[in-house]
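In the numbering used here, the protein residues as written are 1317 to 1729. What follows is a set of notes on a single structure, which appears directly below.
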């Protein structure tokens, strides 16, 4: 065999191997339940996407990643394709990005017109203006309830025709279990108590209610109790709070109590008994299964992200963000509630200049050793992207936030 002929063969083999390698590099993995299937993403035929991918890949040599962990995924919602992945299936703690899981599950299951209810009803006899029997305060775990709201409830009782109560004022807390803290919460953290009857985020409903009853002109000869409202009660009044009011503060201000209240709305909707965290976790996992993910790959211990026991992945968060985008009812409530870079919420003081300002709509997350960011942004080509960035093993949370901001700048620039 002459040398010239050998050169042709070697050149053909080299081109063949190169082409096969390129095909492997350009294939991304998408979730399909317990299996993985190749999805061809934009490569050389899409210079914009390829350039973005290269710039993100260059960030993987960041010094921060030499000693910490990163799970990351970026998805082009317009093209319906993966742009970038890095350890996207590695299980990590979500911090407050868990609130995305809670809110998307709640909107998917309960709907955007869902309401939180607190009601007052009685069982007994109403003779003239005297109630002899039981006045029930039925909690719906509304975290927005204020002293002014309790004043309105007391006035409604008086307007109903009750001027004196001789009996028992009962707190019905059966909407959820008796645990006043989340599974895996640190014992030395100062967190709000998880109870279905709250006033100004505190567990003091009955005492405030009694005071407001007296101020409304209702005299009391009562004892206090706890129990479930029985059949045949007469409703005096009912107060409703729209889910959007809870959702907005939960996301913009990253309010943990608001997130847990939504978590237990999910729980209660999945049982005829008292709602438990396991009921909410089951609902989340059923949604994940519907979306083609393996529910056994994740643990959902609470709704706020405070728990040491919750583990999710960047892939999972992006799949939920895609689901929200594909369902306009969900997206129409979720997107306006997200913090906006350089504008409001927990992103007000981040990315205050440049292409990210007013563009990145995302949920932040911070607990010891963990910093996370996930949401949406519009790229320079006008495409809407969704992304999840999970930094773990940090000494300083600010290092994670700085890395996330740089990623967003690459996505938006």
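We treat Cβ as the ideally placed atom computed from N, Cα and C, and that holds for glycine.
Around the Cβ of residue 1730, are there at least 16 other Cβ atoms within 10 angstroms (buried) or fewer (exposed)? Nothing in the structure corresponds to residue 1730, since the chain is present only between 1317 and 1729.
Quick one: Cα of residue 1489 to Cα of residue 1586, how far? Looking up residue 1489 in the chain shown gives position 173. Looking up residue 1586 in the chain shown gives position 270. C-alpha separation (whole angstroms): 17 angstroms.
Does the segment 1437 to 1453 touch the segment 1479 to 1495, meaning 3 or more C-beta pairs lie closer than 8 angstroms? yes
Please classify residue 1713: does DSSP put it in a helix, a strand, or coil? In the chain shown, the residue the question calls residue 1713 occupies position 397. Reduced to three states, the DSSP call for residue 1713 is helix.
Taking Cβ to Cβ, would you say residue 1470 is nearer than 8 angstroms to residue 1528? Locating residue 1470 in the chain shown gives position 154, counting from the first residue. Locating residue 1528 in the chain shown gives position 212, counting from the first residue. The answer is yes: Cβ separation under 8 angstroms.
Could you tell me whether the segment 1404 to 1421 touches the segment 1385 to 1392, where touching means 3 or more Cβ pairs closer than 8 angstroms? yes
Which term fits residue 1540, buried or exposed, when burial requires 16 or more other beta carbons within 10 angstroms of its beta carbon? The residue labelled residue 1540 in the question sits at position 224 within the chain shown. Exposed: under 16 other Cβ atoms inside 10 Å.
Which residue marks the beginning of the alpha helix (DSSP H) containing residue 1415, and which one marks its end? Stepping through the chain shown from its first residue, residue 1415 is reached at position 99. First-last of the alpha helix (DSSP H) with residue 1415: 1414 to 1426.
With a threshold of 7 angstroms on Cβ separation, who are the neighbours of residue 1573 within its own chain once the five nearest residues in sequence on each side are excluded? Position 257 of the chain shown, counting from 1, holds the residue named residue 1573. Answer for residue 1573: 1459, 1508 and 1517, listed in chain order.
Give the single residue among 1688, 1495 and 1536 whose Cα lies nearest to the Cα of residue 1519. Residue numbering aside, residue 1519 sits at position 203 when the chain shown is read from its first letter. Ranking the options by Cα distance to residue 1519, first place goes to 1495.
Using the three-state DSSP reduction, which class does residue 1541 fall into: helix, strand or coil? Residue mapping note: residue 1541 aligns to position 225 of the chain shown, counting from 1. Correct three-state label for residue 1541: strand.
Skipping 5 residues on each side, what residues in its chain have a beta carbon closer than 6 angstroms to that of residue 1715? The count along the chain shown starts at 1 and reaches residue 1715 at position 399. Contacts found: 1380.
From the DSSP secondary-structure annotation, give me the bridge partner or partners of residue 1687. For the purposes of this step, residue 1687 is taken as residue 371 along the chain shown, with counting starting at 1. According to DSSP, which records beta bridges pairwise, residue 1687 is partnered with 1682 and 1707.
Tell me, please, whether the segment 1422 to 1430 touches the segment 1691 to 1708 by the rule of three or more beta-carbon pairs shorter than 8 angstroms. no
With a 10 Å radius around its C-beta and 16 neighbouring C-beta atoms as the bar for buried, classify residue 1377 as buried or exposed. Locating residue 1377 in the chain shown gives position 61, counting from the first residue. Result: exposed.
Residue 1692 - DSSP class collapsed to helix/strand/coil: Translated into positions along the chain shown, residue 1692 becomes position 376. Residue 1692 falls in the strand class under three-state DSSP.
Same chain only: Cβ atoms within 8 angstroms of residue 1721, ignoring 5 sequence neighbours per side: Mapped onto the chain shown, residue 1721 falls at position 405. These residues qualify, in order along the chain: 1666, 1667 and 1672.
Ignoring anything shorter than 4 residues, give me the alpha helix (DSSP H) runs that lie fully in the segment 1427 to 1512, in order along the chain. 1463 to 1475
Residue 1513 and residue 1453 closer than 8 angstroms at C-beta: The residue you call residue 1513 lines up with position 197 of the chain shown. The residue you call residue 1453 lines up with position 137 of the chain shown. Yes.
Any alpha helix (DSSP H) of 4 or more consecutive residues that is wholly inside the segment 1640 to 1679: 1644 to 1653
Local Cβ density within 10 Å of residue 1595, reported as buried at 16 or more and exposed below that: Position 279 of the chain shown, counted from the first residue, corresponds to residue 1595. It counts as buried.
Euclidean distance between Cα positions of residue 1612 and residue 1567: Counting from 1 along the chain shown, the entry for residue 1612 is found at position 296. Counting from 1 along the chain shown, the entry for residue 1567 is found at position 251. Roughly 27 angstroms between the two C-alpha positions.
Using 8 angstroms as the cut-off, can you tell me whether the segment 1600 to 1608 makes contact with the segment 1540 to 1550, which would need three or more C-beta pairs spanning the two stretches below that distance? no
Considering just the uninterrupted stretch of the beta strand (DSSP E) at residue 1376, what are its terminal residues? Taking the first residue of the chain shown as 1, we reach residue 1376 at position 60. No beta strand (DSSP E) holds residue 1376; DSSP gives it neither H nor E.
Using 8 angstroms as the Cβ pair cut-off and three pairs as the minimum, do the segment 1656 to 1666 and the segment 1414 to 1421 touch? no
Measure from the alpha carbon of residue 1675 to the alpha carbon of each residue in 1718, 1464, 1557 and 1655, then state which is nearest. For the purposes of this step, residue 1675 is taken as residue 359 along the chain shown, with counting starting at 1. Selected option, being the one with the closest Cα: 1655.
Helix, strand or coil for residue 1565, going by three-state DSSP, please let me know. As a working mapping, residue 1565 is identified with position 249 in the chain shown. Residue state, collapsed to three classes: helix.
Within its chain, find whatever has a CB closer than 7 angstroms to the CB of residue 1649; leave out the 5 residues flanking it on each side and keep chain order. Translated into the one-based positions of the chain shown, residue 1649 becomes position 333. Here the set comprises 1423, 1428, 1560 and 1563.
DSSP state of residue 1392 mapped onto helix, strand, coil: Position 76 of the chain shown holds residue 1392. Residue state, collapsed to three classes: strand.
Is residue 1514 helix, strand or coil by DSSP? Sequence index remark: in the chain shown, residue 1514 carries index 198 (1-based). The answer is coil: DSSP assigns residue 1514 none of H, G, I, E or B.
Under the rule that 16 or more other beta-carbon atoms within 10 Å means buried, what is residue 1444, buried or exposed? Sequence index remark: in the chain shown, residue 1444 carries index 128 (1-based). Under this definition residue 1444 is an exposed residue.
Exposure label - residue 1570; buried when at least 16 CB within 10 Å: Locating residue 1570 in the chain shown gives position 254, counting from the first residue. With 16 or more Cβ atoms within 10 Å of its Cβ, residue 1570 is classed as buried.
Assign residue 1360 to buried or exposed, taking buried as 16 or more other Cβ atoms, counted over all protein chains shown, within 10 Å of its Cβ. In the chain shown, the residue the question calls residue 1360 occupies position 44. Model confidence at residue 1360 stands at a pLDDT of 47, short of 50, so the residue's coordinates are unreliable; what they give is reported in the following sentence. Exposed.
Is residue 1580 near residue 1679, with beta carbons less than 8 angstroms apart? Looking up residue 1580 in the chain shown gives position 264. Looking up residue 1679 in the chain shown gives position 363. Contact flag unset, no.
In this structure, does DSSP put residue 1625 in helix, strand or coil? Here residue 1625 is taken as the residue at index 309 of the chain shown, counted from 1. Coil at residue 1625, not helix or strand.
Contact check, residue 1553 vs residue 1439, beta carbons under 8 angstroms: Taking the first residue of the chain shown as 1, we reach residue 1553 at position 237. Taking the first residue of the chain shown as 1, we reach residue 1439 at position 123. Going by C-beta atoms, residue 1553 is not nearer than 8 angstroms to residue 1439.
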